[in-house]
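Visitor: I am attaching a structure below and will ask some questions about it afterwards.
Residue numbers (the working numbering): 653 to 1307.
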């Protein structure tokens, strides 16, 4: 059995027959969204059906939750064990440490979990309850215990192992020789440990900030490869030969030893990725876990920030690594749009800029734009000419904070300036021209008529409608009218005022109010082909509609909760766009479609993807403007999902 954990996308099990990863947490309710972050994962060696997942994406998430989840059916279903200690699975580089959670290989009832702030915890009843181990220090706050390891040679089947190791950041490695009752610091152990591997003869290997340490015969020795004082994390030992171990360091090298670390051979490697948009330069970026396959010791797996890699012969003169990422998806999506022509789907995402999906089946050849990496927080296109596309965000390492495309997002040109040095936020493009309106975070809107060479501040618009980290929320308060190129709309959640511009965002005026919930997750969108038709979702306050360009609004009947919505292509024979809603209609939660502008709603989500069970929190929604009935939902860590009517056939790839 092979499992992986991710920082924001839950955990997965490898299906060798289908050569794909099976997501295991897509049924978590939205209220437990924080549990998608993987702090640690452990399998019960005595019962492979049992798997445990230490879950908690962010340490700052209000109320968490954080917990160790248990599955007795290989991840098909889960239950909570109520260990509510703070976890931080999305902490880089802390997420590279581990594993913090372990099951005693000799007694499946015994588990240990090393937390970041609350010390070591132990269960003796298969996680039915937990007890704090008071005899071990907590370590450096925020990092705490980086791994727990068990020497299985010190126990027998049915009886707990006696020798346990716990790595405490800032202190070193502690050892218990009485099944976790008492602990003592191991003199000479590294004070900044990352990961471990225990050989079948009981030898302990530990990677740390400055190299690799070995504990054998009662003493620690430095066995780092020749390039000493480098930061190592991933390490594994051959379960059939205690002298064979492998390790790697970030980007620099891959090493193998056949004599317990006395000497090392440097691997000559090449990588073949199944992800066309991921550059070769990112191979082995942030390597975390590494494992020699117990069924085939020549085969090695490892994980990095780009996914999962495997080589089938580590004894070869040149190892060839292949990526195995089919089914593995943890993209964080900030915005999605569907133009009426060209590619049906454009996305703005975290870390990898965004994508132009000409096909919904084949991965795109590259990321959006002029540079790899960085975040795109907003994307839009010109309604009259969908070849003109604009994206904004923040720069990453060296790249600009926005740019434009004149070929439907196939290529991008960077803006030559930012509005007063601002970045991030949302963007809207005039329906009839290349006029760009950028609402940066913590700022008022700015507009540009020269493709981002210069920016002019809008007059009359409120300040701070998009706050510092609002791109992580669903807050999309800026929109352009999709018919009248001079109209733009803006909602201020602080005051509840709805603003309109009729001069291309040169000035804005408050023209109406909608009750403010103060939650910064309102979505404003104008209907295509309908001048002045603008709607807004407002959470528990419902869905609002205006047919006079925002002057007055009326609530859409029967919608009790509007999380977000979007317009899509009309059904055949109609000029009225389809409306998609993610919310609650007549006490039913789910994803809905209306073909008559909200008079009647049809539930289109299935049992797995109802509103309360939508994977990892939806971050954006777009109705397909080219294919009736198709809708896209971008999530906070599981990429983009799309739904089609059950009798529909996927559209062929578009260029």
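Cβ coordinates follow ideal geometry from the N, Cα and C atoms, glycine included.
Every value quoted in this text rests on a predicted model; they were computed, and no experiment measured them.
On a Cα-Cα basis, can you pick out the residue from 953, 688, 697 that is closest to residue 717?
Guide: Position 65 of the chain shown, counted from the start, is the residue given in the question as residue 717. With distances taken between Cα atoms, residue 717 lies closest to 688.
Visitor: Hey, quick one: how far does the beta strand (DSSP E) through residue 1163 stretch, first residue to last?
Guide: If you number the chain shown from 1, residue 1163 lands on position 511. From DSSP, the beta strand (DSSP E) with residue 1163 extends over 1161-1165.
Visitor: I'd like the list of long-range same chain contacts for residue 1069, defined as Cβ closer than 7 Å, with 5 residues on each side in sequence excluded.
Guide: Translated into the one-based positions of the chain shown, residue 1069 becomes position 417. For residue 1069, where only same-chain residues beyond five positions count, the Cβ hits under 7 Å are 1104, 1105, 1106, 1107.
Visitor: Which stretch, first to last residue, makes up the beta strand (DSSP E) that contains residue 972?
Guide: The residue labelled residue 972 in the question sits at position 320 within the chain shown. Segment 970-975, the beta strand (DSSP E) holding residue 972.
Visitor: Let's see if you can read the secondary structure: which residues bound the beta strand (DSSP E) around residue 1009?
Guide: The sequence position of residue 1009 within the chain shown is 357, counting from 1. 1006-1009 is the span of the beta strand (DSSP E), which, as asked, contains residue 1009.
Visitor: What is the C-beta distance between residue 1097 and residue 1134, in whole angstroms, given that I count them as a contact (C-beta under 8 Å)?
Guide: Here residue 1097 corresponds to residue number 445 of the chain shown, with the count starting at 1. Here residue 1134 corresponds to residue number 482 of the chain shown, with the count starting at 1. Actually they do not touch by this definition, with Cβ atoms about 18 Å apart.
Visitor: Quick one: what does DSSP say residue 817 is sitting in, helix, strand or coil?
Guide: The sequence position of residue 817 within the chain shown is 165, counting from 1. Residue 817 falls in the strand class under three-state DSSP.
Visitor: The beta strand (DSSP E) that contains residue 611, what's its start and end?
Guide: Past the edges of the chain, shown from 653 to 1307, lies residue 611, and the structure says nothing about it.
Visitor: Please classify residue 803 as buried or exposed, where buried requires at least 16 other C-beta atoms within 10 Å of its C-beta.
Guide: As a first step, residue 803 must be located in the chain shown, where it is residue number 151. Per the 10 Å Cβ criterion, buried.
Visitor: Closer than 8 Å, CB to CB, is residue 914 near chain D or not?
Guide: In the displayed structure, chain D is absent; only one protein chain is listed.
Visitor: Can you give the beta carbon distance from residue 1074 to residue 1095, rounded, assuming they're within the 8 Å contact cut?
Guide: Here the question's residue 1074 lines up with position 422 in the chain shown. Here the question's residue 1095 lines up with position 443 in the chain shown. Yes, they are in contact, since the Cβ atoms of residue 1074 and residue 1095 sit about 5 Å apart, within 8 Å.
Visitor: In the DSSP assignment, find the unbroken beta strand (DSSP E) run with residue 1144 in it and report its ends.
Guide: Here residue 1144 refers to the residue found at position 492 of the chain shown. Segment 1140-1144, the beta strand (DSSP E) holding residue 1144.
Visitor: Could you check what DSSP says for residue 930 in three-state terms: helix, strand or coil?
Guide: Taking the first residue of the chain shown as 1, we reach residue 930 at position 278. Of the three classes helix, strand and coil, the one that applies to residue 930 here is coil, per DSSP.
Visitor: Whole angstroms are fine: how far does the CA of residue 1041 sit from the CA of residue 1137?
Guide: As a position in the chain shown, residue 1137 is number 485, starting the count at 1. As a position in the chain shown, residue 1041 is number 389, starting the count at 1. Answer to the nearest angstrom: the Cα atoms are 15 Å apart.
Visitor: Per the contact definition of three or more C-beta pairs closer than 8 Å, is the stretch 1278-1290 in contact with the stretch 1228-1246?
Guide: yes
Visitor: Distance, Cα to Cα, residue 952 vs residue 889?
Guide: If you number the chain shown from 1, residue 952 lands on position 300. If you number the chain shown from 1, residue 889 lands on position 237. Near 10 Å, if we compare the C-alpha coordinates of residue 889 and residue 952.
Visitor: Within the continuous beta strand (DSSP E) that includes residue 1075, where are the two ends?
Guide: Within the chain shown, the letter at position 423 stands for residue 1075. First-last for residue 1075: undefined, no H or E at that position.
Visitor: Below 8 Å between beta carbons: does that hold for residue 1270 and residue 1234?
Guide: Position 618 of the chain shown holds residue 1270. Position 582 of the chain shown holds residue 1234. Taking 8 Å as the Cβ cut-off, residue 1270 and residue 1234 qualify as a contacting pair.
Visitor: Going along the chain, which residues of its own chain have a beta-carbon closer than 8 Å to the beta-carbon of residue 1155, five neighbours each way excluded?
Guide: Here residue 1155 refers to the residue found at position 503 of the chain shown. For residue 1155, where only same-chain residues beyond five positions count, the Cβ hits under 8 Å are 1138.
Visitor: According to DSSP, is residue 746 helix, strand or coil?
Guide: Within the chain shown, numbered from 1, the residue matching residue 746 stands at position 94. It is helical.
Visitor: Measure from the alpha carbon of residue 1017 to the alpha carbon of each residue in 1026, 1006, 1027, then state which is nearest.
Guide: As a first step, residue 1017 is located in the chain shown; it is residue number 365 there, counting from the start. Looking at the Cα atoms, 1006 is the closest of the given residues.
Visitor: Go ahead and pull the three-state DSSP assignment for residue 686.
Guide: Stepping through the chain shown from its first residue, residue 686 is reached at position 34. Helix, per DSSP.
Visitor: Are the stretch 982-1001 and the stretch 912-932 touching by the rule of at least three beta carbon pairs closer than 8 Å?
Guide: no
Visitor: With DSSP collapsed to three states, give me the class of residue 1049.
Guide: On the chain shown, residue 1049 is found 397 positions in, with the first residue counted as 1. Bear in mind that a pLDDT of 48 at residue 1049, under 50, signals an unreliable position, so the number given afterwards is only what the model happens to contain. The three-state secondary structure of residue 1049, taken from DSSP, is coil.
Visitor: Tell me, please, which residues DSSP counts as bridged to residue 823.
Guide: Taking the chain shown and counting its residues from 1, one reaches residue 823 at position 171. According to DSSP, residue 823 bridges with nothing at all.
Visitor: According to DSSP, is residue 718 part of a helix, a strand, or is it coil?
Guide: Counting from 1 along the chain shown, the entry for residue 718 is found at position 66. The answer is coil: DSSP assigns residue 718 none of H, G, I, E or B.
Visitor: Do residue 799 and residue 751 have their CB atoms nearer than 8 Å?
Guide: Looking up residue 799 in the chain shown gives position 147. Looking up residue 751 in the chain shown gives position 99. In this structure, residue 751 lies closer than 8 Å to residue 799 by Cβ.
Visitor: Does the Cβ-Cβ distance between residue 1213 and residue 1236 come in under 8 Å?
Guide: As a first step, residue 1213 must be located in the chain shown, where it is residue number 561. As a first step, residue 1236 must be located in the chain shown, where it is residue number 584. Yes.
Visitor: Measure the alpha-carbon distance for residue 993 versus residue 1080 and round it to whole angstroms.
Guide: Residue 993 sits at position 341 when you count from the first residue of the chain shown. Residue 1080 sits at position 428 when you count from the first residue of the chain shown. Cα to Cα, residue 993 sits roughly 18 Å from residue 1080.
Visitor: If you scan the stretch 1184-1253 from start to end, which runs of the beta strand (DSSP E) of 3 or more residues do you find wholly inside it?
Guide: List check, beta strand (DSSP E) in window: 1186-1189, 1195-1198, 1211-1220, 1230-1237, 1240-1246.
Visitor: From the DSSP output, in three-state form, read off residue 795 for me.
Guide: Within the chain shown, numbered from 1, the residue matching residue 795 stands at position 143. Reduced to three states, the DSSP call for residue 795 is coil.
Visitor: Taking only the alpha-carbon atoms, compute the straight-line gap between residue 1251 and residue 720 and give it to the nearest angstrom.
Guide: Stepping through the chain shown from its first residue, residue 1251 is reached at position 599. Stepping through the chain shown from its first residue, residue 720 is reached at position 68. Answer to the nearest angstrom: the Cα atoms are 44 Å apart.
Visitor: In terms of DSSP beta bridges, what is residue 784 paired with?
Guide: Here residue 784 is taken as the residue at index 132 of the chain shown, counted from 1. Bridge partners of residue 784: 773.
Visitor: Who does residue 935 pair with in a DSSP beta bridge?
Guide: Translated into positions along the chain shown, residue 935 becomes position 283. Looking at the DSSP assignment, residue 935 forms no beta bridge with any residue, so it has no partner.
Visitor: What's the C-alpha gap between residue 867 and residue 668?
Guide: To locate residue 867, count along the chain shown from 1; it is residue 215. To locate residue 668, count along the chain shown from 1; it is residue 16. Straight-line Cα distance between these residues: approximately 35 Å.
Visitor: Report the CB separation of residue 898 from residue 907 in whole angstroms; it is logged as a contact under 8 Å.
Guide: Translated into the one-based positions of the chain shown, residue 898 becomes position 246. Translated into the one-based positions of the chain shown, residue 907 becomes position 255. Yes, residue 898 and residue 907 are in contact; Cβ-Cβ is about 7 Å, under 8 Å.
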